[in-house]
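One structure below.
Dropping the structure here:
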């Protein structure tokens with residue numbers, strides 16, 4: 012059985028939990044507590060040299076890292092249900108939404124950045140919150156313009172774009188980002204939270 016090394020509130024690990032659930036794959040969870048610095052211990056660095064989560068052990072001693080790489084691997088090795096459109100243009104647009112969340116929005120607001128801001132840089136908690144709200148609002152404003160009116164990011168079909176978006180919205184709510192300006196994003200989030208793969212992957216579970 013696969014083993015997912017994760018932190019319950021990590022957006023990147025949350026994406027992988029959702030994807031594994033959608034694909035109907037069994038896996039064991041091994042927590043890596045980022046608050047306690049367990050990601051910097053040598054045992055974890057052997058799995059994930061960057062000292063991040065997630066790391067997915069797919070065979071004894073064989074690890075995959077980086078959530079989007081793991082999602083792509085899942086699509087290639089377990090193609091049903093399909094999470095990327097077959098049409099090349101729609102596939103590229105789906106990946107664009109994925110990358111906007113995972114490569115543009117998330118890196119500016121993850122735990123190690125926020126800790127650096129309040130630690131080394133000496134920002135107050137209020138300043139940290141302003142930082143978080145600024146970048147989330149900027150990123151979500153762009154996403155909102157691109158989403159369809161359907162229940163999912165790409166219309167009536169669940170894709171990896173939704174898998175990437177939902178964890179980021181979860182964290183936006185946690186930091187009390189006002190969501191009124193993003194009705195399409197909120198609608199996608201609310202709908203996905205009615206689906207069992209998302210519910211079962213929730214940090215609250």
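In my numbering, the protein residues as written are 12 to 216. From the three backbone atoms N, C-alpha and C, an ideal C-beta is built for every residue, glycine too. Here the structure is a predicted model, which is why all the values come from computation and not from measurement.
The beta-carbon separation of residue 95 and residue 84, rounded to 12 Å, does not stay under the 8 Å limit for a contact. Its Cα nearest to that of residue 105, the residue 176 stands out among 119, 176, 128, 121.
Short of 8 Å from the beta carbon of residue 27, and not among the five residues preceding or following it, lie these beta carbons of its own chain, in chain order: 15, 17, 65, 67, 78, 81, 82. The beta-carbon separation of residue 38 and residue 178, rounded to 17 Å, does not stay under the 8 Å limit for a contact. Rounded to the nearest angstrom, the gap between the Cα atoms of residue 113 and residue 23 is 8 Å.
In the pairwise beta carbon analysis, the segment 192-200 is classified as touching the segment 150-170: at least three pairs are separated by under 8 Å. Straight across, the Cα-Cα distance linking residue 29 with residue 210 is about 9 Å. Each residue's CA atom was taken as its position, placing residue 42 and residue 50 some 10 Å apart.
Runs of the beta strand (DSSP E) lying entirely within the segment 83-107, each at least 3 residues long, are absent.
Annotation for residue 146: 116, 119, 120 place their beta carbon closer than 7 Å to its own, counting only its chain and skipping 5 residues before and after.
Each residue's CA atom was taken as its position, placing residue 160 and residue 199 some 9 Å apart. In the three-state DSSP reduction, residue 43 falls in the coil class, being neither helix nor strand. Residue 17: member of the beta strand (DSSP E) spanning 13-17, first to last residue. For the pair residue 186 and residue 201, the Cα-to-Cα distance works out to about 17 Å.
DSSP lists no beta-bridge partner residue for residue 211.
Of 62, 165, 213, 35, the smallest CA-CA separation from residue 102 is found for 165.
Within a 10 Å sphere around the beta-carbon of residue 59 sit 16 or more other beta-carbons, which makes this residue buried. Restricting attention to 61, 13, 183, the CA atom closest to the CA of residue 70 is found in 13.
Non-local beta-carbon contacts of residue 163 in its own chain, meaning distances under 8 Å to residues more than five positions away in sequence, involve 169, 170, 172, 173, 199, 202, 203 in chain order.
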